[in-house]
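Residue numbers (the working numbering): 74 to 452. C-beta: ideal position from N, C-alpha, C; glycine also. Taking it in order: structure first as structure tokens, then the write-up.
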Amino acid sequence: MDAAATAPAHQQVLDTISPLLTHDFGNPSSRHELGRNAERAVSWARNTVANELGVGEHEIYFTSGGTEADNLAVIGAALAAPRGRKIITSAIEHPAVQDAAAFLAEHHGFTHELIPVDHEGVVDLAAAERLIDAKTAVVSVMAVNNEVGTMQPIAQLGRLARAAGAFMHTDAVQAAGWLDLSDLTPHVDALSISGHKIGALKGTGVLYYAANHPIVPLLHGGGQQRGVRSGTENPAGAAGIARALQIVREQREAGAGEGYGPYLIERITGQLNEQFPGSVALTGHPTQRIGGIVSLVFPRTAGETVLIELERHGVLCSSGSACAAGSTDPSPVLSAMGYEPELAHTAIRLSFTRGMKENEISQVASAVISVMRGLLGKR
74 MDAAATAPAH QQVLDTISPL LTHDFGNPSS RHELGRNAER AVSWARNTVA NELGVGEHEI
134 YFTSGGTEAD NLAVIGAALA APRGRKIITS AIEHPAVQDA AAFLAEHHGF THELIPVDHE
194 GVVDLAAAER LIDAKTAVVS VMAVNNEVGT MQPIAQLGRL ARAAGAFMHT DAVQAAGWLD
254 LSDLTPHVDA LSISGHKIGA LKGTGVLYYA ANHPIVPLLH GGGQQRGVRS GTENPAGAAG
314 IARALQIVRE QREAGAGEGY GPYLIERITG QLNEQFPGSV ALTGHPTQRI GGIVSLVFPR
374 TAGETVLIEL ERHGVLCSSG SACAAGSTDP SPVLSAMGYE PELAHTAIRL SFTRGMKENE
434 ISQVASAVIS VMRGLLGKR
């Protein structure tokens with residue numbers, strides 16, 4: 074139950090990439106048969122991703138993951154911006170975006186300003202309208218928060234950015250498995266995806282970057298991918314993420330997993346709060362959220378204790394972003410949403426893919442309820 078950290082590879086993805094690791098293993102830049110086969114695989118992947126996102130093939134770049142895609146979008150757009158020295162992000166962005174903005178502020182003279190969020194993790198559009206102005210170079214707001222699952226009003230933010238002449242980027246890493254990304258791309262100039270969150274391989278990612286905007290590359294070398302992202306292309310990685318996007322679209326169209334999140338929320342909070350009033354609460358927006366992330370706080374119980382007990386029951390989940398593993402500080406996301414440190418420390422995140430089975434979700438709900446009844450009954 075930690076798919077927001079990483080998900081298992083789809084068997085269909087492994088079947089797609091296996092020949093590219095063993096038989097057609099050539100360098101896509103080589104002019105012999107193996108190279109041409111590898112180049113065809115990359116071209117197929119680029120065409121497939123472009124179709125899934127509803128954009129042009131020439132606007133798709135393969136990266137080493139979501140972090141590189143975020144950095145290339147934010148830093149590459151800012152350094153190429155014809156005007157504006159302000160970077161605007163939400164207060165609950167992933168560190169890949171926040172730290173890229175901080176880098177620009179520290180080393181390139183930009184300022185970094187935050188759009189506040191409400192208690193449910195939704196950006197304050199009135200504040201965004203005040204902040205996004207003619208001095209803004211880049212706006213970056215994630216489509217779905219990685220800790221609480223709240224969806225952001227990307228269309229409205231995109232309109233604000235374009236009205237001000239600013240570049241608009243969205244981190245769609247958590248959105249890719251649950252939302253139709255072609256609904257997002259018309260409102261943004263760049264969009265980032267991570268392969269291992271949707272059943273492809275770790276170390277693979279995609280950046281959509283609109284062709285009508287200039288970009289300063291982060292990597293320099295052989296000039297691959299139109300000079301925007303130098304380095305030998307990874308045919309297997311590209312094909313894997315392309316196939317994964319097809320699979321999650323097929324699952325979405327079939328409605329797979331749509332009711333899992335609401336079921337978990339209703340059953341866990343309903344049963345526990347009936348027996349132990351005020352013992353559990355949902356974080357994030359109650360309805361403006363994806364179905365694959367359920368974040369809960371337990372005011373009377375330490376989150377770490379809950380995680381340990383759940384693991385003993387076979388449920389593996391987390392207290393928040395895996396990218397902040399090892400930190401003893403309360404979640405910056407929950408802090409920005411107004412949660413006191415003591416309550417933020419009690420949070421657990423249940424996250425899953427559309428491929429989960431209904432009986433597995435039911436077993437998870439039963440385990441959480443059983444663990445919490447045991448812990449609360451000891452008080």
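Around the beta carbon of Phe-135, a 10 Å sphere encloses 16 or more other beta carbons of the protein chains shown; the residue is thus reported as buried. The beta-carbon separation of Ala-283 and Glu-132, rounded to 6 Å, stays under the 8 Å limit for a contact.
Along the length of the stretch 232 to 309, whole beta strand (DSSP E) runs at least 3 residues long occupy 240 to 244, 263 to 267, 278 to 282, reported in chain order. Between the alpha carbons of Gly-222 and Asp-191 lies a gap of roughly 14 Å. The DSSP-derived three-state label of Thr-360 is coil. Residue pairing by DSSP places Val-211 opposite Ile-160, Phe-240 in a beta bridge. Boundaries cannot be given for Val-195, as no alpha helix (DSSP H) includes it and DSSP labels it neither H nor E. Of the other Cβ atoms in all chains shown, 16 or more fall within 10 Å of the Cβ of Gly-268; this residue is therefore buried. Excluding five sequence positions before and after His-260, the CB atoms of its chain that fall closer than 6 Å to its own CB belong to Ile-227, Ala-228, Gly-231, given in chain order.
Counting of Cβ neighbours within 10 angstroms places Asn-218 among the buried residues, the total reaching 16 or more. Taking a C-beta distance under 9 Å as the contact criterion, Ile-148 and Val-246 do not qualify as a contact pair. Between Met-241 and Ser-352 the beta-carbon gap is near 41 Å, outside 8 Å, which marks them as no contact.
Look at His-96 here: in three-state DSSP terms it is coil, with no helix or strand label.
For Ser-102, the three-state secondary structure derived from DSSP is coil.
DSSP, reduced to helix, strand and coil, places Val-122 within a helical segment of the structure shown.
In chain order, Glu-130, Ile-133 place their CB closer than 6 Å to the CB of Arg-119, counting only its own chain and leaving out the 5 sequence neighbours on each side. Rounded to whole angstroms, Leu-254 and Ala-248 show a C-alpha spacing of 8 Å.
Every unbroken stretch of the beta strand (DSSP E) spanning 3 or more residues and falling wholly within the stretch 365 to 399 is given here in chain order: 366 to 370. Straight-line spacing of the CA atoms in Lys-275 and Gly-138 works out to 7 Å. In the structure shown, the three-state DSSP call for Val-406 is helix.
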